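Peer 1: Below is a structure I'd like to ask you about.
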Amino acid sequence: MTAPDLGRGIVFLGGGNMGRALIAALLRAGANPSLIRAIESHPPTAQALVADYGIETATDTSVVGSRIDTLVLAVKPQDMARALQPLHALLQRERPLVISVAAGLSVQQLQHWCGTDVPVVRAMPNRPALEGVGATGLFAPAWVATTLRERAASILATAGIVVSVDDESLMDVVTAVSGSGPAYFFRFAEALAAAGIAAGLSPAAATELARATLHGAGRMAEPGADLAALRESVTSKGGTTAAALASFSDQDLERVVAAAVTAAVRRGRELSSQAAAGG
Numbered sequence: 001m002t003a004p005d006l007g008r009g010i011v012f013l014g015g016g017n018m019g020r021a022l023i024a025a026l027l028r029a030g031a032n033p034s035l036i037r038a039i040e041s042h043p044p045t046a047q048a049l050v051a052d053y054g055i056e057t058a059t060d061t062s063v064v065g066s067r068i069d070t071l072v073l074a075v076k077p078q079d080m081a082r083a084l085q086p087l088h089a090l091l092q093r094e095r096p097l098v099i100s101v102a103a104g105l106s107v108q109q110l111q112h113w114c115g116t117d118v119p120v121v122r123a124m125p126n127r128p129a130l131e132g133v134g135a136t137g138l139f140a141p142a143w144v145a146t147t148l149r150e151r152a153a154s155i156l157a158t159a160g161i162v163v164s165v166d167d168e169s170l171m172d173v174v175t176a177v178s179g180s181g182p183a184y185f186f187r188f189a190e191a192l193a194a195a196g197i198a199a200g201l202s203p204a205a206a207t208e209l210a211r212a213t214l215h216g217a218g219r220m221a222e223p224g225a226d227l228a229a230l231r232e233s234v235t236s237k238g239g240t241t242a243a244a245l246a247s248f249s250d251q252d253l254e255r256v257v258a259a260a261v262t263a264a265v266r267r268g269r270e271l272s273s274q275a276a277a278g279g
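Sequence positions in the sequence shown follow this note's numbering and run 1 to 279.
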């Protein structure tokens, strides 16, 4: 992975899990630590950023100066308006690329706080980004310059794959599929372990087998892999796997999963509406 061009520097507004994940990913890719700075209002978290990554960090906006080409918004949605208020004049003057990883806040809402001329894009990384193997959905309005879109993608790609969508409403679907998706696989592994226990395995054995199987299957599903082909590669006609998969089909697994994704999309849109009303 080649380090992205950070220009005069990148500032993270918020140093929680997702901010830390992206900072760590940039450093792993070879980014210059002197070009990465963070604003973190919680002193212990700010101190941890300095200790762990050696980046310039402050609990206020003093760390920003005028050396900023990119601002990553990584605070909680309910804290965003308050966190951006001290930066408003600087954003109007410098007009950096703003990348928001805050769920539920639309580009329109973010521009209300940042300024209508400030280029804002939305990203939805998932939890595996903490390990550098994430999946991120990216939306950029049509008026945002191609060079800025590419910069956003290159920064986010240090933490995993990036998939762009051209309709902002699809960010709720991205959240439902990949943002929430890791929890679905963990829940399935829990159910698999429980079934193993019910069939006679010890809790320790069933849990370890389910965990290792989840991990191994994930490793096999590398970028570009054909998921159906992978499934078929471990399924013998008339065998045990075929019997289990037939049971899934009998119980309409696709319907169950579709209902879960629909519920997540619906809740995401409810949260977006609440965030907009609160702004």
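Ideal Cβ positions, reconstructed from N, Cα and C, are used throughout, including at glycine.
This structure is a prediction, so every number in the text was calculated from the model and none was measured.
Since Val72 contacts Ile99 with CB under 8 Å, what's their CB separation in whole angstroms?
Peer 2: Here residue 72 refers to the residue found at position 72 of the sequence shown. Here residue 99 refers to the residue found at position 99 of the sequence shown. Taking the Cβ atoms as the reference, Val72 lies roughly 5 Å from Ile99, within the contact range of under 8 Å.
Peer 1: Can you tell me whether Arg122 sits near the ligand NAP, meaning its C-beta is under 7 Å from at least one heavy atom of the ligand?
Peer 2: Here there are no bound small molecules, and the ligand NAP is not part of this structure.
Peer 1: Please go through the same chain and pick out, in chain order, the residues whose beta-carbon is closer than 8 Å to the beta-carbon of Asn32, but skip the five residues on each side of it.
Peer 2: Residue 32 sits at position 32 when you count from the first residue of the sequence shown. Beyond the five residues adjoining it in sequence on each side, Asn32 comes within less than 8 Å, by CB distance, of Ala3 and Leu6 in the same chain, given in chain order.
Peer 1: Would you say Leu26 and Thr158 are within 8 Å of each other, going by their C-beta atoms?
Peer 2: The count along the sequence shown starts at 1 and reaches residue 26 at position 26. The count along the sequence shown starts at 1 and reaches residue 158 at position 158. For Leu26 and Thr158, yes; Cβs fall inside 8 Å.
Peer 1: How many whole angstroms separate the CB atoms of Thr59 and Pro43, which I take to be in contact at a CB cut-off of 8 Å?
Peer 2: Looking up residue 59 in the sequence shown gives position 59. Looking up residue 43 in the sequence shown gives position 43. Indeed they touch by this definition, with Cβ atoms about 6 Å apart.
Peer 1: Taking the alpha-carbon of Ala176 as reference, which of Ala258, Ile197, Glu168 and Ala264 has the nearest alpha-carbon?
Peer 2: As a first step, residue 176 must be located in the sequence shown, where it is residue number 176. The shortest Cα separation from Ala176 among Ala258, Ile197, Glu168 and Ala264 belongs to Ala264.
Peer 1: Considering Val165, what are the terminal residues of the beta strand (DSSP E) in which it resides?
Peer 2: Your numbering for residue 165 matches position 165 in the sequence shown. Val165 -> beta strand (DSSP E) spans Gly160 to Val165.
Peer 1: Would you identify the three-state DSSP class for Thr146, choosing helix, strand or coil?
Peer 2: As a working note, residue 146 is residue 146 in the sequence shown. Of the three classes helix, strand and coil, the one that applies to Thr146 here is helix, per DSSP.
Peer 1: Please report the residue range of the alpha helix (DSSP H) in which Ile55 lies.
Peer 2: Locating residue 55 in the sequence shown gives position 55, counting from the first residue. Run containing Ile55: none; DSSP gives neither H nor E here.
Peer 1: Quick one: grab the DSSP three-state call for Gly218.
Peer 2: By one-based count along the sequence shown, residue 218 stands at place 218. Gly218 falls in the helix class under three-state DSSP.
Peer 1: Rank Asp226, Thr207 and Leu97 by C-alpha distance to the C-alpha of Leu148 and give the top, closest one.
Peer 2: Stepping through the sequence shown from its first residue, residue 148 is reached at position 148. For the residues Asp226, Thr207 and Leu97, the minimum Cα distance to Leu148 belongs to Leu97.
Peer 1: Leaving out five residues before and five after Leu227 in sequence, what residues of the same chain have Cβ atoms less than 7 Å from its Cβ?
Peer 2: On the sequence shown, position 227 is the one that residue 227 refers to. Setting aside the 5 residues that flank it on each side, Leu227 is surrounded in the same chain by Ala221, each with a C-beta closer than 7 Å to its C-beta; the list follows chain order.
Peer 1: So Val101 and Leu110 are in contact, right, with Cβ under 8 Å, and what is the actual spacing, rounded?
Peer 2: Numbered from its first residue, the sequence shown carries residue 101 at position 101. Numbered from its first residue, the sequence shown carries residue 110 at position 110. Incorrect: roughly 11 Å between the Cβ atoms, too far for contact.
Peer 1: Note down, one range per segment and in chain order, each alpha helix (DSSP H) of at least 4 residues found wholly within the region 90-144.
Peer 2: 107-114
Peer 1: May I have the straight-line CA-CA distance separating Pro203 from Ala260, to the nearest angstrom?
Peer 2: In the sequence shown, residue 203 corresponds to position 203, counting from 1. In the sequence shown, residue 260 corresponds to position 260, counting from 1. Annotation: Pro203 to Ala260 spans about 27 Å, alpha carbon to alpha carbon.
Peer 1: Just to confirm my understanding: we take Ala189, look at its own chain, exclude 5 residues before and 5 after, and list those with CB closer than 8 Å. What are they?
Peer 2: To locate residue 189, count along the sequence shown from 1; it is residue 189. Excluding residues within five positions, the ones whose Cβ falls inside 8 Å are Ala210, Arg211, Thr213 and Leu214.
Peer 1: Do Ala206 and Gly218 have their beta-carbon atoms positioned less than 8 Å apart in this structure?
Peer 2: Counted from its first residue, the sequence shown places residue 218 at position 218. Counted from its first residue, the sequence shown places residue 206 at position 206. Cβ distance not < 8 Å, so Gly218 and Ala206 don't count as in contact.
Peer 1: How is the alpha helix (DSSP H) around Thr61 delimited, first residue to last?
Peer 2: Here residue 61 is taken as the residue at index 61 of the sequence shown, counted from 1. Neither: Thr61 is in no alpha helix (DSSP H) and is coded neither H nor E.
Peer 1: Taking only three categories from DSSP, how would you classify Ile68?
Peer 2: In the sequence shown, counting from the first residue as 1, residue 68 sits at position 68. DSSP places Ile68 in coil when its eight states are reduced to three.
Peer 1: Given this structure, state the Cα-to-Cα distance separating Glu168 from Met124, to the nearest angstrom.
Peer 2: As a position in the sequence shown, residue 168 is number 168, starting the count at 1. As a position in the sequence shown, residue 124 is number 124, starting the count at 1. Distance between the alpha carbons of Glu168 and Met124 is about 11 Å.
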